[in-house]
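Student:
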Amino acid sequence: MAVTRSQTSKKRSRLDAGAADQQPTKKTRAASARNIRKIRKTECDLTDGDLSAPSQPVPLPKESAKTTKPGNPLMRLPGELRNEIYRLVLVSNNQLLVTKSSIPTQPPLTMVSHQIRKEAIAIFYHENKFGVEVVNNDGSHEGVWLAKIGRENTNLLDFSRVHEDYYIFLFSQNSTDPWTNLLQWLKDFYHYKAGSPGSGPIRGNRMRPISVLVLLFNAAEKLRKAKTSWETAEHVLTIMGEVAECKRPNWKPKIE
1 MAVTRSQTSK KRSRLDAGAA DQQPTKKTRA ASARNIRKIR KTECDLTDGD
51 LSAPSQPVPL PKESAKTTKP GNPLMRLPGE LRNEIYRLVL VSNNQLLVTK
101 SSIPTQPPLT MVSHQIRKEA IAIFYHENKF GVEVVNNDGS HEGVWLAKIG
151 RENTNLLDFS RVHEDYYIFL FSQNSTDPWT NLLQWLKDFY HYKAGSPGSG
201 PIRGNRMRPI SVLVLLFNAA EKLRKAKTSW ETAEHVLTIM GEVAECKRPN
251 WKPKIE
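Residue numbers for the sequence shown follow UniProt numbering, so the first one is 1 and each next one is one higher.
Below is the structure:
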């Protein structure tokens, strides 16, 4: 069957109309351009970067999380060697005196760190030889010293080793009221704020027999254990002082 020219023209017209319908609009052209840019950017990222790398940067860990400060070199030594070092630095060949005007200070080594202080302070108080200078029976400064170092360090003092000359008694020529001083010392001892004298040396003028002092402190200790009030204990000790004066003419307590 022959196709006429008019039929061919009609068919071409329909194809041209379909092609015209498929021409891209302004909106579709813009969308295509955006897609092309995305594809190109992805290609650049895949070419230049690591495929496994995340899109967001990962913060690095802080320096303190990766490294730690080196420990104190002294603490790396064996304990026995550390103790020998402590002794060389902290233990004196001379007696450390507690006087009315000065008290032994803790060495700087005990302030380095908590661990070093714990180890060194025990050697300082336990192995040194301390002494209390008592002038005219005034031993109140011992209580001040013991309160300052604290009960834990007081317990480190080796009284059994230094008891013989722990107290050094001195009496001046112008001593006017040693009894009042002694009562204050006895009161501090009664309230666990001071120690009691042993058979320490007595030097100076107007020396008082140490045996009387020992007797009075022994009596104060027994009164304390009996839970006697200090007011009653003071009265008993004062009477004992009067008896001591009768038996010892050189013992001259001033009783008010």
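Glycine included, each C-beta is placed from N, C-alpha and C at the ideal position. All values reported here derive from a predicted model rather than from experimental measurement.
1. Ignore the nearest five residues each way along the sequence and tell me which others in Glu133's own chain have a CB closer than 6 Å to its CB.
2. Is residue 263 helix, strand or coil by DSSP?
3. Note down, in chain order, each residue of its chain lying with its Cβ closer than 8 Å to the Cβ of Phe189, except the 5 sequence neighbours on either side.
4. Below 8 Å on the Cβ atoms is my contact criterion, and I expect Leu183 with Glu234 to pass it. Report the Cβ-Cβ distance as a whole number of Å.
5. Could you tell me the alpha carbon to alpha carbon distance between Leu109 and Ala147, rounded to whole angstroms?
6. When you compare the CB positions of Pro104 and Leu90, do they come within less than 8 Å of one another, or not?
7. Apart from the five residues just before and just after Ile85, which ones in its own chain have a Cβ nearer than 8 Å to its Cβ?
8. With 16 as the cutoff for other CB atoms within 10 Å, does residue 340 come out buried or exposed?
9. When you compare only the Cα positions, how much space is there between Gly241 and Leu223?
10. What's the C-alpha gap between Lys187 and Ala120?
11. So, is Gly139 buried or exposed, given that buried needs 16 or more other C-beta atoms within 10 angstroms?
12. Excluding the 5 residues preceding and the 5 following Thr154 in the sequence, name in chain order all residues of the same chain whose CB lies nearer than 7 Å to its CB.
13. Alpha carbon to alpha carbon, how far is Asn72 from Ser113? Give it in angstroms, no decimals.
14. Please work out which residues of its chain come closer than 7 Å, Cβ to Cβ, to Tyr192, disregarding the five sequence neighbours upstream and downstream, and give them in chain order.
15. Report the three-state DSSP secondary structure of Met207 (helix, strand or coil).
Tutor: Quick answer:
1. Here the set comprises Leu97, Thr99, Ile168.
2. Because residue 263 is not part of the residues shown, which for the chain are 1 to 256, the question remains open.
3. Listed in chain order, the non-local C-beta contacts of Phe189 below 8 Å within the same chain comprise Gly195, Ser196, Phe217, Ala220, Glu221, local neighbours out to five positions each way being set aside.
4. Under the criterion of beta carbons closer than 8 Å, Leu183 and Glu234 qualify as touching, at roughly 7 Å.
5. Cα-Cα distance, rounded: 21 Å.
6. Going by C-beta atoms, Pro104 is not nearer than 8 Å to Leu90.
7. Taken in chain order, the residues that qualify are Leu74, Leu77.
8. Outside the modelled stretch of the chain, which goes from 1 to 256, sits residue 340, for which no answer is possible.
9. CA-to-CA, the gap between Gly241 and Leu223 works out to about 15 Å.
10. Cα to Cα, Lys187 sits roughly 32 Å from Ala120.
11. Under the 10 Å beta carbon count, Gly139 is surrounded by 16 or more other beta carbons and is classified as buried.
12. Hits under 7 Å: Leu146.
13. Spanning the two alpha carbons is a distance of roughly 9 Å.
14. Leaving aside the five residues that flank Tyr192 on each side, none in its chain has a CB nearer than 7 Å to its CB.
15. Any reading at Met207 must be qualified, since the residue scores a pLDDT of 44, below 50, and its modelled position is unreliable; the value itself is stated next. Note: Met207 maps to coil in three-state DSSP.
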